[in-house]
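Undergrad: Taken in order, the sequence shown gives residues 4 to 160; the numbers are from our numbering. We put the CB at the ideal spot given by N, CA and C, even for glycine. Since the model is a prediction, treat every value here as computed from it, not as a measurement.
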Amino acid sequence: MGDLFPLSGVLYFTANHPTAGNELFKLVVDKCLSDSSKLEPGICGCGVSDGDSNGNGQVDCLDPAADFVPPPPSAKIGKKSVVTLNAAAVSGATFYEFALKYKDGKKKRTLTFRSNTLSIKKRLKKIKRGTVVTYQVRAIIGNAFTAFSKAKKFKMK
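1. How far does the beta strand (DSSP E) with residue 117 in it reach, from first residue to last?
2. Give me the DSSP bridge partner(s) of residue 107.
3. I'd like the list of long-range same chain contacts for residue 124, defined as Cβ closer than 6 Å, with 5 residues on each side in sequence excluded.
4. If you drop the 5 nearest sequence neighbours on each side, which residues of the same chain put their C-beta closer than 6 Å to that of residue 77?
5. Is there contact between the segment 130-146 and the segment 89-100, where contact requires at least three CB pairs shorter than 8 Å?
6. Just verifying my parser: in three-state terms, what is the DSSP assignment at residue 79?
7. The beta strand (DSSP E) that contains residue 218, what's its start and end?
8. Give the secondary structure of residue 42 by DSSP, where H, G and I count as helix, E and B as strand, and everything else as coil.
9. If you run the structure through DSSP and keep just helix, strand and coil, what is residue 65?
10. Spell out a yes or no on whether the segment 131-139 and the segment 46-65 are touching, meaning 3 or more CB-CB pairs, one atom from each, closer than 8 Å.
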């Protein structure tokens, strides 16, 4: 074995190969022997993924909303295109985000509304009669977002 030297916090060594000459090798120390997917504990520790399944920028082990999907909200369409959406209460939620999606001709449109209550009431005057609207809700717990609920649909009257 040749020389050992540190480079950017990693230990490297050189070794003389009989046919290739001097080669550079990286010395890797496995700090998670019981976890074949990790060499370092990372943020969540050995045996727990450091992944972000809902894409909100917070690893799942620190994210209270990672695996939670709220039930879909209910919808009521009233006179003059007034739509009321009601969400089910989510423990620890500080806000709810309602999303409405529809097609306006060939364009797909999304409207989002945040509320610190379980309900929103909006007049959707620019959506034409007969348009199918898909709606969902997600809860905001601290700085973390849950996944969106299963989508439901209604037709504008």
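TA: Once the coordinates are examined:
1. As a first step, residue 117 must be located in the sequence shown, where it is residue number 114. In this chain, the beta strand (DSSP E) harbouring residue 117 covers 110-118.
2. On the sequence shown, position 104 is the one that residue 107 refers to. For residue 107, which the question treats as bridged, DSSP gives the partners 110.
3. Counting from 1 along the sequence shown, the entry for residue 124 is found at position 121. Same-chain partners within the cutoff: 87.
4. Looking up residue 77 in the sequence shown gives position 74. Result list for residue 77: 89, in chain order.
5. The segment 130-146 is in contact with the segment 89-100.
6. As a working mapping, residue 79 is identified with position 76 in the sequence shown. Strand, per DSSP.
7. Residue 218 lies beyond the stretch modelled for the chain, which goes from 4 to 160, so this question has no answer here.
8. Taking the sequence shown and counting its residues from 1, the one referred to as residue 42 is at position 39. The answer is coil: DSSP assigns residue 42 none of H, G, I, E or B.
9. Counting from one through the sequence shown, the residue named residue 65 turns up at place 62. In the structure shown, residue 65 sits in a helix (DSSP, three-state: H, G or I).
10. In this structure the segment 131-139 does not touch the segment 46-65; the number of beta carbon pairs closer than 8 Å is below three.
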